[in-house]
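These notes concern the structure reproduced below.
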Amino acid sequence: MRIDLRSDTVTQPTEGMRRAMYEAEVGDDVFGEDPTVRRLEETVAALLGKEAALFVPSGTMGNQLALKVHTRPGDEVILERTCHIFNYESGAPGLLSGVVLHPLDGEGGILTGEQVAAAVRPGYYWMARSRLVCLENTLNQAGGTVYPLENVEAIAAVVRGHGLRYHLDGARLWNATAATGIPEHVYAAPFDTVNVCFSKGLGAPVGSALAGPKDLITEAHRYRKMFGGGMRQAGILAAAALYALEHHRPHLAEDHAKARRLAEGLAELPGFRLDPDRVQTNIVLFDVDHGDALRTVEELKADGILMVPFGPATVRATTHRDVSMEDIEQAIARIHRRFGN
Ligand code: TLP
């Protein structure tokens, strides 16, 4: 049997979720007439402690709308080199917002207030204008680690001091909360805007939301239409997201336990390098000694275990609600058979 650990995006909608979608009350959301979308947007705004939220088709669109409403062409955005916005959004900041990205190198993806302060441009007219700082929580490329609140707040002080804007890519913010017990609204508080996803660990088929102050979300609404993200009877999808928040979100810690167990199993093998203690949520990263992540991914695939290369020598495995603890034990057994001594 195939054990798919490529991403937490590969989940199938559950029966209860499909029923909620079937029963959803819908309307034309471009006319603002979908009651289920409204309910989702209000729910998310409340969860994140923001005035308003906007349902969008993807995390990428949520992030790109944030960049659009915070910046003008020629502005500069400060972010961390390994973040999703910089690496995996198809160069959208250049096309859609005409901004310059200023990547900094964080320790394990984490920036300090001092680093950000040093990166803010002085106001000379021959320099780009620093305008926005973006963080990610949890940190995908660093292996699902939680952004320490202390750093989030230290950077917030710099942002405010320079009159900049602050955006959080919280695609997996739910996992940060599940891991630490710190509510989402606490993590979200220092930020002007926050993007969250329903299609990752929460198990919804589609959808993200951008939350923030009313005026910015009204702007984002306009750009969502411009970017082709105006959806009609989107309540079908919003119902899945609402269901996921209510029924799947409370179980995220189970995914974390599965990731931890997988990491322990992998760490026993020669040639696999990782520290299980660094696994905080649902992502496991490991390095292969021979330096060829692609080769390892192919070998794992031959045994029905799917992972993704995440660097020349780095492989990523992500746990989610469609793999059980038994599947993880099964995966460990197969991997030991192939790679053990
Ligand atoms: N991440 C995907 C891949 O694109 C790498 C994954 O499998 O992890 N922010 C973060 C932190 C993300 O991890 C992702 C998706 C997104 C944004 C984008 O979300 P979508 O795919 O909905 O545009």
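Numbering (our numbering), first residue to last: 12 to 352. Using N, Cα and C, we set each Cβ at its ideal position, and we do this for glycine too. Fair warning: this is a prediction, and the values are worked out from it, not measured in the lab.
### Query
Is it right to say Pro201 is buried, meaning 16 or more other beta carbons lie within 10 angstroms of its own, or is it exposed?
Taking the first residue of the sequence shown as position 1, residue 201 is located at position 190. A residue is called buried once 16 or more other Cβ atoms fall within 10 Å of its Cβ, and Pro201 is buried on that count.
### Task
Starting from Ile294, follow its DSSP beta bridges and name the residues at the other end.
Your numbering for residue 294 matches position 283 in the sequence shown. Under DSSP, the beta-bridge partners assigned to Ile294 are Thr329.
### Task
Ignore the nearest five residues each way along the sequence and tell me which others in Pro320's own chain have a CB closer than 7 Å to its CB.
Position 309 of the sequence shown holds residue 320. Ala304, Leu305, Val308 and Val326.
### Where Tyr136 falls: helix, strand or coil (DSSP)
Taking the sequence shown and counting its residues from 1, the one referred to as residue 136 is at position 125. Coil.
### Query
Can you list the alpha helix (DSSP H) stretches of 4 or more residues lying completely in the stretch 74-112, in chain order?
As summarised for the stretch 74-112, the continuous alpha helix (DSSP H) elements at least 4 residues long and confined to that stretch are 95-98, given in chain order.
### Query
Can Asp180 be considered in contact with the ligand TLP, in the sense that its beta carbon sits closer than 7 Å to one or more heavy atoms?
By one-based count along the sequence shown, residue 180 stands at place 169. Flag set: Cβ of Asp180 near the ligand TLP.
### Message
Based on DSSP bridge pairs, tell me the residues matched to His178.
### Response
Mapped onto the sequence shown, residue 178 falls at position 167. Looking at the DSSP assignment, His178 forms a beta bridge with Cys145 and Thr204.
### Query
For His310, does the three-state DSSP call read helix, strand or coil?
The count along the sequence shown starts at 1 and reaches residue 310 at position 299. The residue asked about is misnamed: residue 310 is Glu in this sequence, not His. When secondary structure is reduced to three states using DSSP, Glu310 falls in the helix class.
#### Entry: First and last residue of the uninterrupted beta strand (DSSP E) at Phe66
Working through the sequence shown from its first residue, we reach residue 66 at position 55. Counting along the chain, the beta strand (DSSP E) containing Phe66 begins and ends at Ala63 to Val67.
### Message
Is the beta carbon of Arg17 closer than 8 Å to that of Glu87?
### Response
Your numbering for residue 87 matches position 76 in the sequence shown. Your numbering for residue 17 matches position 6 in the sequence shown. No, these two residues do not count as a Cβ contact at 8 Å.
### Task
Report the residue ranges of all alpha helix (DSSP H) runs contained in full by the stretch 232-256; include only those spanning at least 4 residues, in chain order.
Listed in chain order, they are 246-254.
### Message
Since Arg272 and Ile339 should fall inside the 8 Å C-beta cutoff, what is the C-beta to C-beta distance between them, to a whole number of angstroms?
### Response
As a position in the sequence shown, residue 272 is number 261, starting the count at 1. As a position in the sequence shown, residue 339 is number 328, starting the count at 1. Contact holds; Cβ gap of about 5 Å.
### Inter-residue Cα distance where the pair is Gly240 and His347
Along the sequence shown, read from residue 1 onward, the residue named residue 240 stands at position 229. Along the sequence shown, read from residue 1 onward, the residue named residue 347 stands at position 336. Going from the Cα of Gly240 to the Cα of His347 covers about 45 Å.
### Query
Rounded to a whole number of angstroms, what is the C-alpha to C-alpha distance between Ala231 and Ala128?
The residue you call residue 231 lines up with position 220 of the sequence shown. The residue you call residue 128 lines up with position 117 of the sequence shown. Whole-angstrom Cα-Cα distance: 28 Å.
### Message
Considering only the alpha carbon of each residue, which of Pro84, Lys79 and Gly73 lies closest to His95?
### Response
The residue you call residue 95 lines up with position 84 of the sequence shown. Per the Cα distances, Gly73.
### Task
Give the DSSP bridge partners of Thr156, in chain order.
Position 145 of the sequence shown, counting from 1, holds the residue named residue 156. Note: Thr156 sits in a beta bridge opposite Leu150.
### Task
Look up Val334 in the DSSP assignment and say whether it is helix, strand or coil.
By 1-based counting over the sequence shown, the position of residue 334 is 323. In the structure shown, Val334 adopts coil according to DSSP, grouped into three states.
### Task
Report yes if the C-beta distance between Gly85 and Gly109 is below 8 Å; otherwise report no.
The sequence position of residue 85 within the sequence shown is 74, counting from 1. The sequence position of residue 109 within the sequence shown is 98, counting from 1. For Gly85 and Gly109, yes; Cβs fall inside 8 Å.
### Query
DSSP state of Phe209, grouped into three classes?
Counting from one through the sequence shown, the residue named residue 209 turns up at place 198. DSSP, read as helix, strand or coil, puts Phe209 in coil.
### Message
Quick check on the burial criterion: 16 or more other C-beta atoms within 10 angstroms. Buried or exposed for Lys225?
### Response
Counting from 1 along the sequence shown, the entry for residue 225 is found at position 214. Its Cβ having fewer than 16 others within 10 Å, Lys225 is exposed.
### Query
Cα separation between Ala222 and Leu280?
In the sequence shown, counting from the first residue as 1, residue 222 sits at position 211. In the sequence shown, counting from the first residue as 1, residue 280 sits at position 269. So the two alpha carbons sit approximately 43 Å from each other.
### Query
With distances taken between CB atoms, is the gap from Asp314 to Arg345 smaller than 8 Å?
Looking up residue 314 in the sequence shown gives position 303. Looking up residue 345 in the sequence shown gives position 334. Taking the C-beta atoms as reference points, Arg345 is found nearer than 8 Å to Asp314.
### Message
With a threshold of 7 Å (Cβ to nearest heavy atom), would Arg13 be considered close to the ligand TLP?
### Response
As a first step, residue 13 is located in the sequence shown; it is residue number 2 there, counting from the start. For Arg13, the shortest C-beta to heavy atom distance toward the ligand TLP is 7 Å or greater.
### Message
Suppose you measure from the CA of Glu36 to the CA of Ala64; what does that come to, to the nearest Å?
### Response
The residue you call residue 36 lines up with position 25 of the sequence shown. The residue you call residue 64 lines up with position 53 of the sequence shown. Going by the C-alpha atoms only, they are around 19 Å apart.
### Query
Could you give the distance in angstroms between the alpha-carbon of Val111 and the alpha-carbon of Gly105?
As a position in the sequence shown, residue 111 is number 100, starting the count at 1. As a position in the sequence shown, residue 105 is number 94, starting the count at 1. So the alpha carbons of these two residues sit roughly 7 Å apart.
### Query
I think Glu91 touches Gly117, with their Cβ atoms under 8 Å apart; what is that distance to the nearest whole Å?
Position 80 of the sequence shown holds residue 91. Position 106 of the sequence shown holds residue 117. Right, the Cβ-Cβ distance comes to about 5 Å (below 8 Å), so this counts as a contact.
### Message
According to DSSP, is Glu118 part of a helix, a strand, or is it coil?
### Response
As a position in the sequence shown, residue 118 is number 107, starting the count at 1. Note: Glu118 maps to strand in three-state DSSP.
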